[in-house]
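The sequence shown maps to residues 63 to 180 in our numbering.
Glycine is no exception: its CB is placed at the ideal position from the N, C-alpha and C atoms.
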Amino acid sequence: KLMGRHCGFLAMMSVLSARYANICLLPEMDVCLDKVLEHCEHLVATQGYAVVVVAEGCGDTLMESSGELDAGGNKKFADVGVWLKEQLLSHFKSLKLPLTIKYVDPTYMVRAIPANAN
Numbered sequence: 063k064l065m066g067r068h069c070g071f072l073a074m075m076s077v078l079s080a081r082y083a084n085i086c087l088l089p090e091m092d093v094c095l096d097k098v099l100e101h102c103e104h105l106v107a108t109q110g111y112a113v114v115v116v117a118e119g120c121g122d123t124l125m126e127s128s129g130e131l132d133a134g135g136n137k138k139f140a141d142v143g144v145w146l147k148e149q150l151l152s153h154f155k156s157l158k159l160p161l162t163i164k165y166v167d168p169t170y171m172v173r174a175i176p177a178n179a180n
């Protein structure tokens, strides 16, 4: 899960620069969860892994958020990263396929270090 409450620009640019993500989900997209799950199934079957990047704003497009506001007055989004992880685990379990997920939420890592112009 990467930053991007209303716009997937950071997630997309990260995916393009890293060049190893297989799927990038953005809040601007109409995402069909069934197609994402099927594609992950195909990737795991053919290459042994799938790297999925999801912008945090998808927590408002893929699933229902509570509508609560945070201290800054912004709408609180549901945690789409954890939700997507559970959807993937459930899908693979229903197919009786093994799946191990390495879930990384770099939100605090990115915001906890001093800015570096390099």
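- Close CB contacts of residue 153 within its chain, under the 6 Å cut and outside five residues either way in sequence, are with 99 (chain order).
- Excluding its 5 nearest sequence neighbours in each direction, residue 112 has C-beta neighbours in its own chain below 6 Å: 84, 102, 105, 106, listed in chain order.
- Setting aside the 5 residues that flank it on each side, residue 121 is surrounded in the same chain by 127, 139, 140, 141, 142, each with a C-beta closer than 7 Å to its C-beta; the list follows chain order.
- Using a 10 angstroms sphere on the CB of residue 66, the tally of other CB atoms reaches 16 or more, which defines it as buried.
- Less than 8 Å divides the Cβ of residue 88 from the Cβ of residue 70.
- Straight through space, the alpha carbons of residue 159 and residue 170 are spaced by roughly 32 Å.
- By the neighbour-count definition (other C-beta atoms within 10 Å, threshold 16), residue 133 is an exposed residue.
- With contacts defined as CB atoms closer than 8 Å, residue 64 and residue 176 fail to qualify as a contacting pair.
- For residue 114, DSSP records a beta bridge to 85.
- In this structure, the straight-line span from the alpha carbon of residue 144 to that of residue 178 is close to 29 Å.
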